[in-house]
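Accompanying notes for the structure given below.
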Amino acid sequence: MRAVAASVVCASGMVLSLPDPLCKTGIADIKGEACCPKDCGSCDDESTVCSPADKANARLACCPSAIMGQGRDDTGKNRLCDVGAPPCRLGEDYQAARRDPMALYNPDSVNDVDRHARDDCNVAVEAELGRHKLASYFVKRGETRYDGGEGSCGVYTNLVDAANACRADKDCFGIQKAGDQLCLKIALGSAHEDASKTTYIKIKDRKGDDFAPGINVVSSVMQLQKCLKHVQQQ
Numbered sequence: 000m001r002a003v004a005a006s007v008v009c010a011s012g013m014v015l016s017l018p019d020p021l022c023k024t025g026i027a028d029i030k031g032e033a034c035c036p037k038d039c040g041s042c043d044d045e046s047t048v049c050s051p052a053d054k055a056n057a058r059l060a061c062c063p064s065a066i067m068g069q070g071r072d073d074t075g076k077n078r079l080c081d082v083g084a085p086p087c088r089l090g091e092d093y094q095a096a097r098r099d100p101m102a103l104y105n106p107d108s109v110n111d112v113d114r115h116a117r118d119d120c121n122v123a124v125e126a127e128l129g130r131h132k133l134a135s136y137f138v139k140r141g142e143t144r145y146d147g148g149e150g151s152c153g154v155y156t157n158l159v160d161a162a163n164a165c166r167a168d169k170d171c172f173g174i175q176k177a178g179d180q181l182c183l184k185i186a187l188g189s190a191h192e193d194a195s196k197t198t199y200i201k202i203k204d205r206k207g208d209d210f211a212p213g214i215n216v217v218s219s220v221m222q223l224q225k226c227l228k229h230v231q232q233q
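Going by numbering that gives the first Met the number 0, the sequence shown opens with residue 0, and the numbers climb by one from there.
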């Protein structure tokens with residue numbers, strides 16, 4: 000047995016039309032009532048295929064009005080997509096799919112979950128953007144404590160929120176993390192080794208412009224590390 004489009008050719012030569020209730024092998028009209036063959040290009044009474052300059056060459060299979068049996072040709076009036084291939088009339092299965100497209104993929108449980116990607120997509124995008132800005136607007140210094148003054152402390156539950164607050168505050172120099180506690184730094188001061196703390200130094204502000212105080216600190220650290228490496232190689 001060999002499948003041809005939406006039909007099956009049997010050994011006897013008989014062509015059996017396969018059901019296509021969701022118009023997967025065709026093109027639905029804008030109202031979701033008629034399904035035209037895919038090679039029509041569109042399913043529209045105003046298309047050039049359906050209404051050519053030479054009316055004699057019109058392909059009625061590409062005309063929703065003909066498929067629905069509205070005066071031009073009633074051959075499609077009783078041809079339902081539930082039992083046959085395009086051109087055909089769409090039934091309740093297609094209408095239900097239009098009302099709830101996700102039900103096609105997981106009809107038993109898609110609507111029974113508390114949280115779904117289709118509901119929190121914008122939240123996920125914002126969170127991911129925040130992580131990117133944390134990585135590009137701050138320089139991380141592990142096992143390092145700065146003894147400068149602190150601003151808000153213990154207010155933020157995650158680094159992204161703390162970073163957003165710091166970027167928006169012109170007086171914030173960075174974030175210091177000790178365990179689960181996050182503190183905004185209003186000054187950095189001197190650096191000290193401290194295995195219990197990690198400091199994120201701000202190098203760009205909310206607009207993405209360079210934050211000179213933070214860049215100066217990072218540059219000094221890089222120059223010091225380069226100098227120490229040079230000494231060690233002597």
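Virtual Cβ for every residue (Gly too), placed ideally from N, Cα, C.
Since this is a predicted model, take the numbers as computed values, not measurements.
**Message:** Taking its Cβ as the centre, do 16 or more other Cβ atoms sit within 10 Å of CYS62, making it buried, or is it exposed?
**Reply:** buried
**Asked** Short check: CB of THR198 to CB of GLN175, under 8 Å?
**Response** yes
**Message:** Quick check on DSSP: helix, strand or coil for PRO63?
**Reply:** helix
**Request:** Below 8 Å CB to CB, which residues in the same chain sit around GLY70 once its five sequence neighbours on both sides are set aside?
**Result:** Here GLY70 scores only 47 on pLDDT, less than 50, and its place in the model should not be relied on; the value that follows carries that caveat. Around GLY70: SER64.
**Asked** Under three-state DSSP, which class holds TYR93?
**Response** helix
**Among LYS206, CYS35, ASP43, ALA33, the one whose alpha carbon lies nearest that of ALA164** = LYS206
**Item:** Per-residue burial, CYS152 [other beta carbons within 10 Å of its own, 16 or more giving buried]
**Value:** exposed
**Message:** Here's a check: name, in chain order, each residue in its chain whose Cβ is nearer than 6 Å to the Cβ of ILE214, leaving out the five neighbours to either side.
**Reply:** ILE202
**Message:** Could you tell me which whole beta strand (DSSP E) segments of length 3 or greater appear in the region 142-225?
**Reply:** 149-152, 173-177, 180-184, 190-201
**Asked** What residue from LEU59, CYS80, LEU17 has the CA that sits closest to GLY31's CA?
**Response** CYS80
**Asked** What is the DSSP secondary structure of VAL124, counted as helix, strand or coil?
**Response** helix
**Message:** Using C-beta distances below 7 Å, list every residue in its chain close to ASP193, excluding the 5 sequence neighbours before and after it, in chain order.
**Reply:** GLU142, THR143, ARG144
**Message:** Is the beta carbon of ALA161 closer than 8 Å to that of LYS132?
**Reply:** no
**Asked** chain D beta carbons: is any one of them nearer than 8 Å to that of ARG166?
**Response** In the displayed structure, chain D is absent; only one protein chain is listed.
**Prompt:** Using a Cβ-Cβ cut-off of 7 Å (strictly less than) and excluding sequence neighbours within five positions of VAL216, which residues of its own chain qualify?
**Reply:** LEU187, ILE200
**Message:** So for ASP73, helix, strand or coil by DSSP?
**Reply:** Residue confidence for ASP73 is low, a pLDDT of 48 falling below 50, so the modelled location carries little weight; the figure read from the coordinates is stated next. Coil at ASP73, not helix or strand.
**Prompt:** Nearest-angstrom Cα distance between ASP208 and ALA134?
**Reply:** 15 Å
**Asked** So the beta strand (DSSP E) ILE26 belongs to, where does it begin and stop?
**Response** 25-27
**Prompt:** Does the Cβ of ARG88 have 16 or more other Cβ atoms within 10 Å, making it buried, or fewer, making it exposed?
**Reply:** buried
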